[in-house]
Every structure is written in structure tokens, then in C-alpha cells.
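Asks:
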Amino acid sequence: MMIDRREFLRLAAVGGGAAFLSAFYRPSLAGVPGTPMTGEDDFYFVQLSDSHWGYAGDANPEAAHTLPMAVEAVNMLSTPPDFVVFTGDLTHTTDDPKERRRRLAEFKDIVSKLNIRTMHFMPGEHDASLDFGAAFKEFFGPTHYTFDHKGVHFIVLDNVSDPGARIGDSQLDWLRQDLSSRDRQAPIVVFTHRPLFDLVPKWDWATRDGDKAVELLMPFANVTVFYGHIHQEHHRMTGHIAHHAAKSLVFPLPSPGSQDKRTPLAWDATKPFKGLGFREVEAKPISAAYEIAEFPVVKV
Numbered sequence: 001m002m003i004d005r006r007e008f009l010r011l012a013a014v015g016g017g018a019a020f021l022s023a024f025y026r027p028s029l030a031g032v033p034g035t036p037m038t039g040e041d042d043f044y045f046v047q048l049s050d051s052h053w054g055y056a057g058d059a060n061p062e063a064a065h066t067l068p069m070a071v072e073a074v075n076m077l078s079t080p081p082d083f084v085v086f087t088g089d090l091t092h093t094t095d096d097p098k099e100r101r102r103r104l105a106e107f108k109d110i111v112s113k114l115n116i117r118t119m120h121f122m123p124g125e126h127d128a129s130l131d132f133g134a135a136f137k138e139f140f141g142p143t144h145y146t147f148d149h150k151g152v153h154f155i156v157l158d159n160v161s162d163p164g165a166r167i168g169d170s171q172l173d174w175l176r177q178d179l180s181s182r183d184r185q186a187p188i189v190v191f192t193h194r195p196l197f198d199l200v201p202k203w204d205w206a207t208r209d210g211d212k213a214v215e216l217l218m219p220f221a222n223v224t225v226f227y228g229h230i231h232q233e234h235h236r237m238t239g240h241i242a243h244h245a246a247k248s249l250v251f252p253l254p255s256p257g258s259q260d261k262r263t264p265l266a267w268d269a270t271k272p273f274k275g276l277g278f279r280e281v282e283a284k285p286i287s288a289a290y291e292i293a294e295f296p297v298v299k300v
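Letter by letter, the sequence shown follows residues 1 to 300 of the working numbering.
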């Protein structure tokens with residue numbers, strides 16, 4: 001059954017929703033300041049994160065089903081998103097290189113069933129930190145890159161392939177070069193796995209040189225960051241830059257710093273899939289905002 005996106009959002013309202021005023025502007029042309037986009041530029045994308053394919057444990061005894069359920073839910077949208085982005089931890093960590101590749105192959109096969117022409121992938125530390133991203137690159141290509149869509153510049157940063165949780169000087173130089181030719185009023189969206197700011201460093205919820213990336217982005221007026229890793233919806237501002245964390249598709253983690261260790265929240269058999277979900281992000285040109293709608297992992 002195909003359902004309208006707004007009806008789907010109503011049915012899935014337990015996931016909540018929120019709008020954030022992150023301005024969308026066209027890049028200026030020939031020195032003319034950027035102007036708000038018109039309705040013809042309206043688009044939306046879906047963010048999925050932290051599926052941890054291959055996980056087996058008490059935190060989610062249904063882990064083999066949540067990713068396929070999310071694929072099914074996205075396919076139910078009557079208007080497909082312009083693209084889908086996966087913000088890391090596609091698979092669960094393993095010391096066995098053959099098993100890592102098997103899990104990546106299974107993940108790729110499952111998401112190939114999405115009725116979406118364009119998908120963008122990035123690794124999480126579970127995918128990449130034990131081999132510096134080698135297996136991920138075999139299946140999905142570069143771990144950091146850029147793309148453009150309807151006047152918006154998207155930047156994918158890799159802060160996980162380095163086991164020390166760093167972006168690294170080489171990639172920061174690449175980012176600096178990419179930004180050097182950008183109009184400072186132009187819309188920029190950054191995708192990353194770990195937060196670029198110090199959320200809870202003792203839980204590995206930080207990037208050791210993330211402040212350097214934020215510093216490079218700070219001169220630009222319209223920057224928004226979407227990330228994963230912390231397995232919950234979370235919102236933070238660094239200056240005028242908004243950072244939005246997504247829920248996981250495997251198990252939720254506790255609120256930042258709320259306990260000594262970041263152990264998964266207990267599975268509740270009476271409310272299966274509680275705290276799991278994905279999101280759609282819609283550009284609202286008239287109000288110059290991103291509208292973020294959170295979806296739970298449920299069958300509608």
C-alpha cells in the first residue's frame with residue numbers, strides 16, 4: 001500500500017517531529033547576494049544511521065529485521081526522496097576481515113531494495129576503524145567526498161577511519177580547498193558520523209580535531225550538520241551552525257553523560273523498536289528552514 005508522506009507522518013507521529021531554522025539560500029551570482037530559494041527548489045532526503053548489520057544481542061533480539069523494516073517504510077512513501085544518506089555504522093564491528101566484508105555485502109544487498117535512484121554512504125567506526133576503511137571502500141567507494149543537489153553543497157566527512165577519532169590534516173586540507181571557492185552565503189550541509197563537537201568525550205562522542213572542521217565552516221552563513229553515532233535524536237548549536245543527530249536502527253543509547261558507561265538501553269518486549277527510527281529532512285524555501293521529521297521503525 002502506498003501512502004501519502006503527510007499521512008505516513010501522522011501515522012508515525014510517535015516518532016515526533018521538529019523544524020529548525022537553518023537558512024537555505026542560492027549561491028550569489030555575479031556578485032549579487034544570495035536570495036531565498038523558490039518553491040521549485042523544494043526537495044527532501046532521508047537519513048538513516050547506525051543499522052549495525054550483523055549485531056546479535058539482548059539490546060535488540062530483532063536486529064535482523066529493523067533494517068529491512070526501514071527499507072520497507074521508506075519505499076511506502078508515495079513521493080520518493082531525492083536521495084537517501086546512511087551516516088555510518090552500516091555494520092557491526094568484527095575482527096574478522098572476511099566477516100566484515102560479508103556483512104557489508106549483506107547490507108548493500110538489503111538497501112539495494114530501496115526504490116531510490118540515488119544513495120550516499122559513509123562509514124562509521126564499526127565499519128572502518130579496524131582497517132582504515134579498506135573494506136568499506138571496496139563496497140561503497142571514498143569515505144569522504146562532496147556532491148551538489150539543487151543549489152546545495154553537501155560535504156561528507158570521514159572522522160572514523162582514523163582509529164584515533166580524527167579527521168586528519170590531509171582531509172582538513174581537502175576541506176579547506178573545497179570551501180575556498182564557495183560563496184559564504186551558499187547553503188552547505190555536512191554529513192559525518194561522530195559529532196564534530198565534544199558531546200561526551202569519555203563515551204567517544206567527539207572528534208578530536210572536529211573543532212578545526214567547525215572553524216573552517218564557521219565563516220559560512222548557512223551550514224547544517226547531520227550525524228549519527230549517538231543512537232538518538234539530539235540537537236546542538238556551535239555558534240550559528242546547527243548539528244542534528246539521528247536515531248539508530250539497532251538500539252538506543254542513554255542520554256549524553258547521564259550514566260557512567262554508554263551501555264544500550266534495555267530492550268522492552270512490550271514496546272519493540274522503541275527509540276529506533278530514521279528521519280526525513282525537507283528544505284522549506286519559503287520559511288528558509290529545514291523541516292526534520294522523525295519516523296519510528298514500525299510497520300504501518
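All C-beta atoms in this analysis are idealised placements derived from N, C-alpha and C, irrespective of residue type, glycine included.
1. In its own chain, which residues sit with a C-beta less than 6 angstroms from the C-beta of L175, not counting the 5 before and 5 after it?
2. Go to Q177, then tell me how far its alpha helix (DSSP H) extends in each direction, as first and last residue.
3. Quick check on A62: does DSSP put it in helix, strand or coil?
4. Which of the three DSSP states, helix, strand or coil, is assigned to R103?
5. Considering only DSSP beta bridges, list what L301 is partnered with.
6. Nearest by alpha-carbon distance to P296: which of T270, V160 and A70 is it?
7. Give me the residue from V156, Q185, R182 and S181 with the minimum Cα distance to Q171.
8. Indicate the three-state DSSP secondary structure (helix, strand or coil) for D211 in the structure shown.
9. Give the list of continuous beta strand (DSSP E) stretches no shorter than 3 residues that lie fully inside the stretch 103-172.
10. Where L253 and G151 are concerned, what is the direct C-alpha to C-alpha distance, given to the nearest angstrom?
11. How would you label F121, buried or exposed, when you count the other beta carbons within 10 angstroms and need 16 or more for buried?
12. Helix, strand or coil for P283 per DSSP?
13. Please go through the same chain and pick out, in chain order, the residues whose beta-carbon is closer than 7 angstroms to the beta-carbon of N115, but skip the five residues on each side of it.
14. Name, in chain order, the residues that DSSP records as bridge partners for A242.
15. Go ahead and pull the three-state DSSP assignment for A293.
16. Is the beta carbon of R101 less than 9 angstroms from the beta carbon of E62?
17. State buried or exposed for L259, treating a residue as buried only when at least 16 other CB atoms are found within 10 Å of its CB.
18. Short of 7 angstroms in beta carbon distance, which residues of its chain neighbour H126, apart from the five on each side in sequence? Order them along the chain.
19. Does DSSP classify L216 as helix, strand or coil?
20. Can you find the residues in the same chain that come closer than 6 angstroms, C-beta to C-beta, to S49, ignoring five residues on each side of it along the sequence?
21. Buried or exposed: where does A64 fall if 16 or more other Cβ atoms within 10 Å of its Cβ makes it buried?
22. Got a sec, what are the start and stop residues for the beta strand (DSSP E) T192 sits in?
23. If you check the beta carbons only, do D82 and F45 fall under 9 angstroms apart?
24. Would a C-beta distance cut-off of 9 angstroms place N60 and W203 closer than the cut-off?
25. Can you grab the Cα-Cα spacing for the pair M119 / K261, in whole Å?
26. Measure the Cβ-Cβ separation of P187 and H153 and say whether it is below 9 angstroms.
27. Let me know if Q177 comes out buried or exposed under the rule of 16 or more other beta-carbons within 10 Å of its beta-carbon.
28. In the DSSP output, which residue or residues are listed as bridge partners for Q47?
29. With burial defined as no fewer than 16 other Cβ atoms inside 10 Å of the residue's Cβ, what is the status of Y25: buried or exposed?
30. In whole angstroms, give me the CA-to-CA distance for G57 and V250.
Replies: According to the data block:
1. To locate residue 175, count along the sequence shown from 1; it is residue 175. These residues qualify, in order along the chain: L216.
2. For this step, residue 177 is matched to residue 177 along the sequence shown. Its alpha helix (DSSP H) spans residues D169 to S180.
3. Numbered from its first residue, the sequence shown carries residue 62 at position 62. Looking at the sequence shown, residue 62 is not Ala but Glu. If DSSP states are grouped into helix, strand and coil, E62 belongs with coil.
4. Taking the first residue of the sequence shown as position 1, residue 103 is located at position 103. Three-state DSSP puts R103 in a helix.
5. Only positions 1 to 300 of the chain appear in this structure, which leaves residue 301 out of reach.
6. The residue given as residue 296 occupies position 296 in the sequence shown. Of T270, V160 and A70, the residue nearest in Cα terms is A70.
7. The count along the sequence shown starts at 1 and reaches residue 171 at position 171. Closest in C-alpha terms to Q171, from the list V156, Q185, R182 and S181, comes V156.
8. The count along the sequence shown starts at 1 and reaches residue 211 at position 211. Helix.
9. Those beta strand (DSSP E) runs which fall completely within the stretch 103-172 and span 3+ residues are 119-122, 145-149 and 152-156.
10. Numbered from 1 along the sequence shown, position 253 holds the residue referred to as residue 253. Numbered from 1 along the sequence shown, position 151 holds the residue referred to as residue 151. CA-CA distance, L253 to G151, rounds to 35 angstroms.
11. On the sequence shown, position 121 is the one that residue 121 refers to. Answer is buried; the Cβ neighbour count reaches 16.
12. Position 283 of the sequence shown holds residue 283. The amino acid at residue 283 is misidentified as Pro; the sequence shows Ala. Secondary structure of A283 (DSSP, three-state): strand.
13. For the purposes of this step, residue 115 is identified with residue 115 of the sequence shown, where counting begins at 1. Take N115, set aside five residues on each side of it, and the residues of its chain with a beta-carbon closer than 7 angstroms to its own are N75 and P80, in chain order.
14. Residue mapping note: residue 242 aligns to position 242 of the sequence shown, counting from 1. DSSP output for A242 lists T224 and M237 as bridge partner(s).
15. Taking the first residue of the sequence shown as position 1, residue 293 is located at position 293. For A293, the secondary structure class from DSSP, reduced to helix, strand or coil, is strand.
16. Sequence index remark: in the sequence shown, residue 101 carries index 101 (1-based). Sequence index remark: in the sequence shown, residue 62 carries index 62 (1-based). Cβ distance not < 9 angstroms, so R101 and E62 don't count as in contact.
17. The residue labelled residue 259 in the question sits at position 259 within the sequence shown. Strictly speaking, residue 259 in this sequence is Gln, with Leu absent from that position. With a threshold of 16 other beta carbon atoms within 10 Å, Q259 falls short and is exposed.
18. Taking the sequence shown and counting its residues from 1, one reaches residue 126 at position 126. Taken in chain order, the residues that qualify are H52, D89, T91, H92 and T93.
19. Taking the sequence shown and counting its residues from 1, the one referred to as residue 216 is at position 216. Looking at L216 - three-state DSSP - the assignment turns out to be helix.
20. Locating residue 49 in the sequence shown gives position 49, counting from the first residue. Closer than 6 angstroms at the Cβ level, and outside the excluded window around S49, lie T87, G228 and A246.
21. Residue mapping note: residue 64 aligns to position 64 of the sequence shown, counting from 1. Of the residues assessed, A64 falls on the exposed side of the cut-off, its CB having fewer than 16 other CB atoms within 10 angstroms.
22. Residue mapping note: residue 192 aligns to position 192 of the sequence shown, counting from 1. In the DSSP assignment, T192 falls within the beta strand (DSSP E) that extends over P187 to T192.
23. The sequence position of residue 82 within the sequence shown is 82, counting from 1. The sequence position of residue 45 within the sequence shown is 45, counting from 1. Yes, the pair counts as a contact, with Cβ atoms nearer than the cut-off.
24. Here residue 60 is taken as the residue at index 60 of the sequence shown, counted from 1. Here residue 203 is taken as the residue at index 203 of the sequence shown, counted from 1. The answer is no: Cβ separation not under 9 angstroms.
25. The count along the sequence shown starts at 1 and reaches residue 119 at position 119. The count along the sequence shown starts at 1 and reaches residue 261 at position 261. Across the structure, M119 and K261 are spaced so that their CA atoms are roughly 34 angstroms apart.
26. For this step, residue 187 is matched to residue 187 along the sequence shown. For this step, residue 153 is matched to residue 153 along the sequence shown. With contacts defined by Cβ atoms closer than 9 angstroms, P187 and H153 form a contacting pair.
27. Against the sequence shown, residue 177 aligns to sequence position 177. By the neighbour-count rule (16 or more Cβ atoms within 10 Å), Q177 is not buried but exposed.
28. Within the sequence shown, the letter at position 47 stands for residue 47. Q47 has V85 and R279 as its beta-bridge partners, per DSSP.
29. Translated into the one-based positions of the sequence shown, residue 25 becomes position 25. Low local confidence applies: a pLDDT of 35 at Y25 is under 50, so the model's placement there is unreliable, and no value is given.
30. Numbered from its first residue, the sequence shown carries residue 57 at position 57. Numbered from its first residue, the sequence shown carries residue 250 at position 250. Between G57 and V250, the alpha-carbon positions lie close to 10 angstroms from each other.
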